[in-house]
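Visitor: Got a structure for you, written out below as structure tokens; questions coming shortly.
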Amino acid sequence: MSGQEDTFISHLVELRDRLLRAVVAVVIVFAGLMPWAGDIYDILAHPMMQALPEGTRMIATGVVTPFFVPMKVTLMVAFVIALPFVLYQAWCFIAPGLYAHEKRLGLPLVVGSTVLFLAGMAFCYFFVFGTVFSFIAQFAPKSITPAPDIEQYLSFVMSMFLAFGITFEVPVFVIVLVKLGVVDVAKLKEARPYVIVGAFVVAAVVTPPDVVSQLMLAIPMCLLYELGIFLARFVTARRSEAVSD
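Per my numbering, the sequence shown starts with residue 15, numbered consecutively.
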């Protein structure tokens with residue numbers, strides 16, 4: 015009993031150390047980026063500024079909002095930059111408790127899901143924002159001057175980043191389901207019509223009420239589902255080879 019308690023305490027100590035290292039890494043990157051917090055927010059706001067009428071600026075309605083919003087954006091960027099080190103600390107903590115075959119599956123899934131999430135954010139920033147903001151600006155009445163609040167803009171951007179980041183995880187979800195034996199490739203193909211309908215329903219819920227943004231979320235979701243089915247075939251093939259051996 016004493017040995018189990020010592021092992022549990024040692025795991026807690028290691029978890030604390032790993033978390034502390036990850037937090038310190040994010041803080042160091044954040045401190046290095048702080049002098050350029052305003053420039054970082056300007057980069058994030060660039061798609062919106064491109065869609066606004068010439069000479070129009072975004073506004074800040076709160077007293078401390080011009081300070082805290084760029085800090086929040088900089089902290090988000092610092093976390094993304096430090097993410098490889100954070101994931102490395104997480105992997106070092108859980109890897110000793112995994113079997114060899116779990117390690118072979120776990121590491122590619124962690125790396126792949128991270129890359130796909132960042133790819134979803136990049137797709138949203140470089141392709142979706144500019145298209146959606148320009149589309150919305152075309153319907154703005156001539157009698158008003160759009161002046162988005164920076165805090166509301168940050169909230170919108172974060173929700174869109176999250177939506178597209180999770181959407182790009184679809185191939186990982188599909189592969190995990192096949193690997194665990196929950197479904198097979200044949201059932202995934204049969205579920206294709208329901209997935210397409212579900213993709214448009216999800217897009218209608220999590221995106222602004224315009225057709226462009228909904229299509230730009232639903233269509234990649236469907237394509238990524240097809241990619242997941244394609245990759246799942248290799249998982250099934252490897253499982254069959256392992257059984258035959």
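Even glycine gets a Cβ: it sits at the ideal position worked out from N, Cα and C.
Comparing alpha-carbon positions, which option in E165, W50, F149, A96 lies nearest I42?
Guide: Taking the first residue of the sequence shown as 1, we reach residue 42 at position 28. Comparing Cα positions, the closest option is A96.
Visitor: Sorted by chain position, which residues of the same chain lie with C-beta nearer than 7 Å to M135's C-beta, five sequence neighbours on each side aside?
Guide: Here residue 135 corresponds to residue number 121 of the sequence shown, with the count starting at 1. Take M135, set aside five residues on each side of it, and the residues of its chain with a beta-carbon closer than 7 Å to its own are F175, F178, G179, in chain order.
Visitor: Could you pull the start and end residues of the alpha helix (DSSP H) that Y167 belongs to?
Guide: Along the sequence shown, read from residue 1 onward, the residue named residue 167 stands at position 153. In the DSSP assignment, Y167 falls within the alpha helix (DSSP H) that extends over 164–181.
Visitor: Quick check: the stretch 119–136 against the stretch 147–163, are there 3 or more CB pairs under 8 Å?
Guide: no
Visitor: Considering only their Cβ atoms, is the gap separating V40 from A92 smaller than 7 Å?
Guide: Residue numbering aside, residue 92 sits at position 78 when the sequence shown is read from its first letter. Residue numbering aside, residue 40 sits at position 26 when the sequence shown is read from its first letter. In this structure, A92 sits near V40, with a CB-CB distance shorter than 7 Å.
Visitor: With H, G and I counted as helix, E and B as strand and the rest as coil, what does DSSP make of I158?
Guide: On the sequence shown, position 144 is the one that residue 158 refers to. I158 falls in the coil class under three-state DSSP.
Visitor: May I ask you to verify whether the stretch 208–223 touches the stretch 193–200, counting CB pairs closer than 8 Å and requiring at least 3?
Guide: no
Visitor: What residues in its chain sit with their C-beta under 8 Å from that of G279, if we drop five residues either side in the sequence?
Guide: As displayed, the chain neither begins before 15 nor continues past 259, which places residue 279 out of reach and without an answer.
Visitor: Measure the alpha-carbon distance for V257 versus K117 and round it to whole angstroms.
Guide: Position 243 of the sequence shown, counted from the first residue, corresponds to residue 257. Position 103 of the sequence shown, counted from the first residue, corresponds to residue 117. Its pLDDT being 47, under 50, V257 is placed unreliably in this model, and the value from its coordinates should be taken loosely. For V257 and K117, the distance between alpha carbons rounds to 19 Å.
Visitor: With burial defined as no fewer than 16 other Cβ atoms inside 10 Å of the residue's Cβ, what is the status of A246: buried or exposed?
Guide: Locating residue 246 in the sequence shown gives position 232, counting from the first residue. By the 10 Å Cβ count, A246 comes out buried.
Visitor: Out of P162, V142, F81, which one is the CA nearest neighbour of A51?
Guide: As a working mapping, residue 51 is identified with position 37 in the sequence shown. Answer by Cα proximity: F81.
Visitor: With a Cβ-Cβ cutoff of 7 Å, do P61 and G144 count as a contact?
Guide: Stepping through the sequence shown from its first residue, residue 61 is reached at position 47. Stepping through the sequence shown from its first residue, residue 144 is reached at position 130. Against a cut-off of 7 Å, the Cβ pair of G144 and P61 comes out as a contact.
Visitor: Spell out the partners DSSP gives I73 in its beta bridges.
Guide: Within the sequence shown, numbered from 1, the residue matching residue 73 stands at position 59. I73 pairs with D163.
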